[in-house]
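Engineer: So that we are looking at the same thing, I have put the structure below in structure tokens.
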Amino acid sequence: MRTQSWRWPDDSPAQSRRCEEFARALGVPDVIGEALAGRKPEGFDPQALALRSLGDCTAAMGEPHNTAQAAERLLHAARTGRVGILCDFDVDGATAQAILVEALRLAGGPSGREPAVSVPERNTEGFGPNERCLKSLADAGVTCIAVLDCGTAAGGLLDGFHQATGIDVVVIDHHPAHGAQTPATGVLLNPWAASAAAPGEQGTLCTAALAWFVARSILRQAGLSKAETKAIRQRITLYAALGTSCDLMPLDMPFNRALIRHGVRLLGDTASRGNGLAEICELASIGAACSADDFGWRIGPRLNAGSRMGESDLAARCLRESDREAARDFARRLDQHNQDRKELGHKARAELASHSDLAGFDHGPVNVFVASSATPGTVGLVASELVRLAGWPAIALTQRDNGALAGSGRSALEFNIGEAVVAAVRSGIARKGGGHPSACGIEIEPQRLEDLRGFLAERFKEHAANAAIPCEPSRVIDAVLRPNHLAADALLALAQAQQQLEPWGPGLEFPQFGVRVCSVARHKLTANGHLFATLECAGSRFEAVWWSAPDDWQDRLAANATRDGRAEVAGRVELDSWNGREKGRFVIADARVPQG
């Protein structure tokens, strides 16, 4: 793959003033203020990133439209009949159903029946409600169905089901309809469907967060006291934080930030974990000391592995299970699926690496790759790898048993890949598809593959013509670390300040720093290819690591130069804890000899 250009930060007087404003507002070192100011547009209020309580952020944002109505119908069904839940197979869907199950078990009273749950099969049925799931819930005797994390665009199917069976339908979803028919009967709780205007901050909530509002309303309408519901409220808040993190919701919004921070505190309190989550945490070695990264990197992949490997309902079953032994079995199966998923992912990425025209992906602008060794549940890993390698948006596809090509996409360069896929469906190129700005799912006929490539290329061209950033892959450096930032105490303070600003993620990406001129003072390359080095910049020495360093690392770091061995490095600063001691460490992402 070609070497990407580097983009250094703007050092104009106006930008310097913004950097000072961010640093002052958040009480962070100046270089973090510089990194944040460079990421956010003019007019962005840095107070949106400040530490605020979940209660304050909830009150400021307000309750989504139709929350009370959805809660009323579900509570009535729990007390007079039986609730059914049809949820998506991802972490957002699984956590949303666990939230409702927890609330309905308590509010339904001793005579209430356990909710029946049905989940579409990821590898064979794909996203969205379907007739099989609806029929299975009707056969279970439900009187009201909560459709979670899907259903907004399935108005025809859900209205027809209600008319045929008389079963009430409550849709709780955060996906825009994109012009599709929305349900006309029952209750639709979706900030994107509440009005013609943009939904504001409520439009950044995932379905688990919307279900959290509904569950709280259910508990209030049931007349239960805060003391009676304390344990449940803690558990559902933890699930909502998990869903928000794993569904990659924007983290520059006060509510999402406060929810995840609160969720991390609850994750550290083992009493707040339900049976299934407790067992997953034990398998993932997550104790009382935890962080927001544990949601997305250690818990989420295990929950997602079930649907990727053919057991789409396993995550939902694990999270709602009330028997500890059964929960342990579900968690172990998810963990094994995760190991198998990693192995399949390695094979699919190896296929990508050996592709005969790998260099062709350098040209983008939206790469579409057919991975024969992947499954519909693992192609997303291939798409992510292709984005990492080439820097352009990417879609990876594999063939279903029915002959269609199905897959997942990941975005880059602020291209709204979910919207593009919906447009491909409307144009007749794709059979079905949808998603978010950062990720999508799609299914097409094999003969439309080149049509899809051409269509996406045109969409990207339109995007690039109106984008605020250069629409070409490059290594973006948010701030420059100078010698005073690299001293051991300053680097530690920088790492600790970053930790205080967690969570990082979509909308608030982890700062990428650059060091303009440095040299290698000492280095050690381990047997598995990791480089540990001491670098020097104008007399300040600092510790650095380059995980899986490339074969030409010595050339990039000018480590072989007989004199004037200067290099530029780009990467991130992380907190390194070992044997009770903490220090700041620079993690190298790339290095090069200074240009010009």
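Numbering-wise (my numbering), the sequence shown opens with residue 44 and increments by one. Even glycine gets a Cβ: it sits at the ideal position worked out from N, Cα and C. All figures in this text were calculated on a predicted structure; none of them were measured in a lab.
1. Who does tryptophan 621 pair with in a DSSP beta bridge?
2. By Cβ distance, which residues of its chain are closer than 6 Å to serine 427, with the 5 residues on each side in sequence left out?
3. Would glycine 450 pass as a contact of valine 464 if the rule is Cβ separation under 8 Å?
4. Give me, in chain order, the residues of the same chain whose beta-carbon lies closer than 6 Å to that of valine 212; leave out the 5 immediate sequence neighbours on both sides.
5. What do you get for histidine 380, buried or exposed, if any count of 16 or more other CB atoms within 10 angstroms of its CB means buried?
6. Note down, in chain order, each residue of its chain lying with its Cβ closer than 6 Å to the Cβ of valine 413, except the 5 sequence neighbours on either side.
7. When DSSP labels each residue in this structure, what does alanine 237 get in the three-state scheme?
8. Taking all protein chains shown into account, do 16 or more other C-beta atoms lie within 10 angstroms of the C-beta of aspartate 337, making it buried, or fewer, making it exposed?
9. Here's the rule: buried if 16 or more other CB atoms are within 10 angstroms of the residue's CB, otherwise exposed. What is isoleucine 512?
10. For serine 583, which residues of its own chain have a beta-carbon under 7 Å away from its beta-carbon, when the five flanking residues on both sides are left out?
11. Helix, strand or coil for glycine 198 per DSSP?
12. Kindly give me the distance between the Cβ atoms of leucine 618 and glutamate 611, rounded to whole angstroms, as I take these residues to be in contact under 8 Å.
13. Cutting at 8 Å between CB atoms, please list the residues of its own chain near proline 344, excluding the five before and the five after it.
14. Leaving aside the five residues before and after arginine 474 along the sequence, list all residues of the same chain whose C-beta is less than 8 Å from its C-beta, in chain order.
15. Since glycine 614 and alanine 632 should fall inside the 8 Å C-beta cutoff, what is the C-beta to C-beta distance between them, to a whole number of angstroms?
16. Helix, strand or coil for lysine 83 per DSSP?
17. Keeping to the same chain, check which residues put their C-beta closer than 6 Å to that of glycine 548; ignore five residues upstream and five downstream.
18. Would you mind reading off the limits of the alpha helix (DSSP H) that contains valine 560?
19. Measuring CA to CA, which of Cys561, Asp594, Ser591 is closest to arginine 637?
20. Based on Cα-Cα distance, which residue from Val134, Gly627, Phe503 lies nearest to serine 288?
21. Starting from aspartate 182 and walking both ways along the alpha helix (DSSP H), at which residues does that stretch end?
22. What number of angstroms, rounded off, separates the C-alpha of isoleucine 520 from the C-alpha of glycine 608?
23. Please check the pair proline 158 and glycine 127, which I expect to be a contact at CB under 8 Å, by giving their CB distance rounded to whole angstroms.
24. Out of Ala510, Glu85, Arg122, Asp444, point me to the one whose CA is closest to leucine 262's CA.
25. Roughly how many whole angstroms lie between the Cα atoms of proline 408 and glutamine 277?
26. Give the single residue among Asn410, Phe458, Ser415, Ala417 whose Cα lies nearest to the Cα of alanine 437.
27. Considering only residues of the same chain and omitting the five flanking positions on each side of histidine 479, which have a CB-CB separation below 6 Å?
28. Excluding the five sequence neighbours on either side, which residues of its own chain have a C-beta within less than 8 Å of the C-beta of leucine 69, listed in chain order?
29. According to the neighbour-count rule (16 or more other Cβ atoms, all chains shown, within 10 Å of its Cβ), is serine 481 buried or exposed?
30. Please work out which residues of its chain come closer than 7 Å, Cβ to Cβ, to glutamate 115, disregarding the five sequence neighbours upstream and downstream, and give them in chain order.
31. I want to know whether the region 531-538 touches the region 561-581 - three or more CB-CB distances under 8 Å.
32. Note down, in chain order, each residue of its chain lying with its Cβ closer than 6 Å to the Cβ of leucine 456, except the 5 sequence neighbours on either side.
33. Could you compute how far the alpha carbon of glutamate 354 sits from the alpha carbon of cysteine 100?
34. Residues bridged to tryptophan 589 by DSSP?
35. So what does DSSP say about leucine 409, is it helix, strand or coil?
36. Mark aspartate 595 as exposed unless 16 or more other C-beta atoms lie within 10 angstroms of its C-beta, in which case mark it buried.
Structural biologist: The short version:
1. Tryptophan 621 pairs with Arg624.
2. Within the same chain, serine 427 has close Cβ partners Arg453.
3. Valine 464 sits away from glycine 450, with the two beta carbons spaced by 8 Å or more.
4. Residues of the same chain with a CB within less than 6 Å of the CB of valine 212, apart from the 5 flanking positions on each side, are Ile188, Leu201, His205, Gly229 in chain order.
5. For histidine 380, the number of other beta carbons within 10 angstroms of its own is at least 16, and it is reported as buried.
6. Only residues of its own chain outside the window of five on either side were considered, and among them Leu440 have a CB closer than 6 Å to the CB of valine 413, listed in chain order.
7. Here alanine 237 sits in coil by DSSP.
8. Under this definition aspartate 337 is a buried residue.
9. A residue is called buried once 16 or more other Cβ atoms fall within 10 Å of its Cβ, and isoleucine 512, having fewer, is exposed.
10. Result list for serine 583: Pro526, Leu529, Ala530, in chain order.
11. In this structure, glycine 198 counts as helix in the three-state DSSP scheme.
12. With a Cβ gap of about 24 Å, leucine 618 and glutamate 611 do not count as contacting.
13. Around proline 344: Asn381, Arg384.
14. Answer for arginine 474: Ala447, Val468, Glu486, Ile487, Glu488, listed in chain order.
15. The pair is a contact, with the Cβ atoms about 4 Å apart (cut-off 8 Å).
16. Three-state DSSP puts lysine 83 in coil, outside helix and strand.
17. Excluding sequence neighbours, glycine 548 sits near Leu294.
18. Careful: valine 560 lies outside any alpha helix (DSSP H), inside the beta strand (DSSP E) at 556-568.
19. Arginine is not the amino acid found at residue 637; the sequence shown has proline there. Closest option to proline 637, Cα to Cα, is Cys561.
20. Out of Val134, Gly627, Phe503, the CA that lies nearest to the CA of serine 288 is found in Val134.
21. Going by DSSP, aspartate 182 is part of the alpha helix (DSSP H) stretching over 174-182.
22. Here the C-alpha atom of isoleucine 520 lies approximately 22 Å from the C-alpha atom of glycine 608.
23. The distance from the Cβ of proline 158 to that of glycine 127 is about 7 Å, consistent with a contact at the 8 Å cut-off.
24. Taking only the C-alpha atoms, the option nearest leucine 262 is Arg122.
25. Between proline 408 and glutamine 277, the C-alpha separation is close to 45 Å.
26. Considering only alpha carbons, the answer is Asn410.
27. Within the same chain, histidine 479 has close Cβ partners Gly461.
28. Result list for leucine 69: Ile75, Gly76, Leu79, Pro89, Leu92, Ala93, Leu544, in chain order.
29. Buried is the call here.
30. Once the five neighbours on either side are set aside, the close Cβ partners of glutamate 115 are Gln264.
31. Contact fails: fewer than three Cβ-Cβ distances are below 8 Å.
32. Correct list, in chain order: Cys514.
33. Each residue's CA atom was taken as its position, placing glutamate 354 and cysteine 100 some 37 Å apart.
34. Looking at the DSSP assignment, tryptophan 589 forms a beta bridge with Leu574.
35. Here residue 409 is valine; the residue named in the question, leucine, does not match the sequence. DSSP, reduced to helix, strand and coil, places valine 409 outside both helices and strands of the structure shown, so it counts as coil.
36. Around the beta carbon of aspartate 595, fewer than 16 other beta carbons lie within 10 angstroms, which makes this residue exposed.
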